[in-house]
């Protein structure tokens, strides 16, 4: 226990001090790492624990961003950090409400059908945001800067995303240790048996989906603030959805450390090592994905986790189509 | 002042839109039938499907520009080549991934291959949008005030011929019987002397061949580029969800419905809403009847 506390404190100190030693570009890379790792953790609540693979989680990034921007603009809140917090909270809540509403119909689908339905919902939302004039998704939306005086933007957002990452981590930890988290695992292993044994699968799935959506919505709204100006195509991005899945798979799906390790490895590869070879980006990503599936079917965490780990977590999702 | 021909013109517009939708739908059906076969028989969601389609289009383009082969005739060599490519791909990579990890892993592997191929196509052919334009591209037939391009008409006919071919192969030949047996019960098929891994590879090859052949046809009807591959994968998925998995008739029905939906949306709601409406129909369809209008042709297997 004391070991863990020291480890946690050490991590916190490293996170706080790190920007002192990094160039602005690398601060941005670490910021991107916090953002994507938190996204992967949020996806993992539903995809990893319950085995419901969403292929359209970017819908909550986009909705969080649009909800936050319209909310602060309509209320005319004064610019500053408080306005940003209000926007982020509203974006997260909005995503949670939408998720709770669509949870019941959409979670009746399983496996690949759920995945594709989420992809479809993501596409519909993106097209509507882009084409319905009121949303202004095609011309784009501005968010007033939230920077306090005298703070550099990359440092400010570094700490914001670090905080959100730790928050997402804590939520994931609490979920995984709770009775509710075991309910999600039971759904992944065998939903029908779990239901027969008295696990309230409908409520657990809906709750897990909503938590995941709130976290992603919060991150999406913050991402919009870090951009300052965004259009529908910069927040509704299929590659966000896919990256969440790929990071979890590479690190080890259904674990707490897996999504984080996966995000770190892929960012290291794509941003640092292949940063110069932009036109080979897709090729490298594709190769890594194939190699991981063939060599480490349980992700990097499967390598260090041993047999007990392998029995508990493996690369699987709800297979049947209801 | 009221236009005296008003109702008449409105009716003609609807008929013309329906005609465009039917023509588009015929081509969509052909583009989706390979995906449908692989999904229905092997349970694999082949995210490389769009790559097969686009590769078929590029292959037809090369054959047309270098050897002067008509794109419609090019469907045959392209299909044969992709049968073997698909067979090798399934046996060499996808089957390995499935046996090492799980069926879901095939989703990732095909996605990885799609990324690689898209990148390679961009490097070889550049990311520019291309079209294949044979000499008869711009001629069209008119019936009164209705108009239809000759290429589109031929494309639909070719699509229907291919779909019939697929239906005949599946229902009448010994090869088709082996495919259906393997899809229904791999174990029982194996006990009856079917070489299951070989048949799975052949089924995948057949799907790939039809996808590539459809690409050759599409290259004439629509512009294409390496990045349009995901459109064709999604399109195939929607067609399959609408029509039902695994059968040529399901693909035909789904394709025609999708063609009609997109042409009517483009005409009466606005061209920028076609994708939104398409996906909306997809989601609604999944919620109401996930097995598709005609159900699964390999229903016994799941």
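Residue numbers (our numbering), protein chains in the order written: chain A, 42 to 363; chain B, 5 to 306. Think of the CB as a built atom: it goes at the ideal place given N, C-alpha and C, for glycine as much as any other residue. From a predicted model like this one, the values you see are computed outputs, not experimental measurements.
1) Going by DSSP in three states, residue 152 of chain B sits in which element: helix, strand or coil?
2) Thinking C-alpha only, which one of A/195, A/178, A/303 is nearest residue 59 of chain A?
3) Measure the C-alpha to C-alpha separation of residue 139 of chain B and residue 230 of chain B and round it to an integer number of angstroms.
4) In the DSSP assignment, the beta strand (DSSP E) including residue 290 of chain B goes from what residue to what residue?
5) Between residue 326 of chain A and chain B, is any beta-carbon pair separated by less than 8 Å?
6) If the cut is a Cβ gap below 8 Å, which residues of chain B does residue 172 of chain A touch?
7) In whole angstroms, what is the alpha-carbon distance linking residue 85 of chain B and residue 267 of chain A?
8) Which whole runs of the alpha helix (DSSP H) in the region 197-247 of chain A are 4 residues long or more, in chain order?
9) Establish whether the CB of residue 191 of chain B and some CB of chain A are separated by less than 8 Å.
10) Which residue comes first and which comes last in the beta strand (DSSP E) that contains residue 142 of chain B?
11) Throw me the rounded Cβ distance for the residue 112 of chain A and residue 128 of chain A pair, which I believe falls under 8 Å.
12) DSSP three-state label for residue 182 of chain A, please.
13) So, under 8 Å CB-CB, residue 222 of chain B and residue 31 of chain B are touching, yes? Tell me the CB distance rounded to an integer number of Å.
14) Less than 8 Å between the C-beta atoms of residue 275 of chain A and residue 84 of chain A, yes or no?
15) Which same chain residues, not among the five before or five after residue 27 of chain B, have their C-beta less than 6 Å away from its C-beta?
16) Enumerate in chain order the residues of its own chain whose CB-to-CB distance from residue 174 of chain B is below 6 Å, with the five nearest sequence positions on each side excluded.
17) Suppose only complete runs of 4+ residues qualify. What are the alpha helix (DSSP H) ranges in the region 29-106 of chain B, listed by chain order?
18) Determine whether the Cβ of residue 154 of chain A lies closer than 8 Å to any Cβ atom of chain B.
19) Of the choices A/327, A/339, A/313, whose alpha-carbon is the least far from that of residue 73 of chain A?
20) Since residue 185 of chain B contacts residue 193 of chain B with CB under 8 Å, what's their CB separation in whole angstroms?
21) Please determine, among A/53, A/143, A/210, A/311, the residue with the shortest C-alpha to C-alpha distance to residue 101 of chain A.
22) To the nearest angstrom, how far is it from the Cα of residue 92 of chain B to the Cα of residue 60 of chain B?
23) List the residues of chain A whose Cβ lies closer than 8 Å to the Cβ of residue 104 of chain B, in chain order.
24) Any beta-carbon of chain B closer than 8 Å to the one on residue 164 of chain A?
25) Please check if any C-beta of chain B sits within less than 8 Å of the C-beta of residue 161 of chain A.
26) How would you write the range of the alpha helix (DSSP H) that residue 98 of chain A sits in, first residue to last?
27) Give the DSSP-derived three-state secondary structure of residue 93 of chain A in the structure shown.
28) If we cut at 8 Å on Cβ distances, does residue 199 of chain B have a partner in chain A?
29) Pick helix, strand or coil for residue 214 of chain B, following the three-state DSSP scheme.
30) Kindly identify the DSSP beta-bridge partner or partners of residue 131 of chain A.
31) Per DSSP, which one or two residues make a beta bridge with residue 134 of chain B?
32) Which residues in chain A sit within 9 Å of residue 136 of chain B, going by Cβ to Cβ distance?
33) So, is the C-beta of residue 89 of chain B closer than 8 Å to a C-beta in chain A?
34) Please check if any C-beta of chain B sits within less than 8 Å of the C-beta of residue 158 of chain A.
35) Taking 8 Å as the CB-CB cut-off, is residue 313 of chain B touching chain A?
36) What does residue 169 of chain A reach in chain B if we use C-beta pairs closer than 9 Å?
According to the data block:
1) Strand at residue 152 of chain B.
2) That would be A/195, whose Cα lies nearest to the Cα of residue 59 of chain A.
3) Approximately 25 Å between the Cα atoms of the pair.
4) Membership of residue 290 of chain B in any beta strand (DSSP E) is not indicated; the residue belongs instead to the alpha helix (DSSP H) covering 278-292.
5) Answer yes: the Cβ-Cβ gap between residue 326 of chain A and chain B drops below 8 Å somewhere.
6) Simply 274, 276, 277, 280.
7) So the two alpha carbons sit approximately 49 Å from each other.
8) Correct list: 220-237.
9) No Cβ of chain A is located within less than 8 Å of the beta carbon of residue 191 of chain B.
10) Note, residue 142 of chain B: premise wrong, no beta strand (DSSP E); not H, not E.
11) Yes, they are in contact, since the Cβ atoms of residue 112 of chain A and residue 128 of chain A sit about 6 Å apart, within 8 Å.
12) Reduced to three states, the DSSP call for residue 182 of chain A is strand.
13) Between residue 31 of chain B and residue 222 of chain B the Cβ distance is about 6 Å, and since that is below 8 Å, they are a contact.
14) For residue 275 of chain A and residue 84 of chain A, no; Cβs fall outside 8 Å.
15) 156, 160.
16) Excluding sequence neighbours, residue 174 of chain B sits near 180.
17) Annotation note: the region 29-106 of chain B contains the following uninterrupted alpha helix (DSSP H) runs of length 4 or greater, listed N- to C-terminal: 53-66, 75-93, 99-104.
18) Answer yes: the Cβ-Cβ gap between residue 154 of chain A and chain B drops below 8 Å somewhere.
19) Here the closest residue by C-alpha is A/313.
20) So it is a contact: roughly 4 Å between Cβ atoms.
21) Considering only A/53, A/143, A/210, A/311, the residue with the shortest C-alpha distance to residue 101 of chain A is A/143.
22) C-alpha separation (whole angstroms): 17 Å.
23) For a Cβ distance threshold of 8 Å, residue set 334, 335, 338 of chain A lies close to residue 104 of chain B, ordered along the chain.
24) When Cβ-Cβ separations below 8 Å define contact, residue 164 of chain A makes contact with chain B.
25) Output row for residue 161 of chain A: interface = yes.
26) Following the DSSP letters along the chain, one finds residue 98 of chain A in no alpha helix (DSSP H), marked with neither H nor E.
27) Residue 93 of chain A: coil per DSSP, three-state reduction.
28) No, no contact with chain A.
29) Helix.
30) Residue pairing by DSSP places residue 131 of chain A in no beta bridge whatsoever.
31) Residue 134 of chain B is bridged by DSSP to B/228.
32) Ordered by position in chain A, no residue passes the 9 Å Cβ test against residue 136 of chain B, which lies about 25 Å from the chain.
33) Taking Cβ atoms only, chain A never reaches closer than 8 Å to residue 89 of chain B, which makes this a no.
34) So, interface residue.
35) Outside the displayed range of chain B (5 to 306) lies residue 313 of chain B, so it cannot be described from this structure.
36) At a C-beta separation below 9 Å, residue 169 of chain A has these neighbours in chain B: 277, 280.
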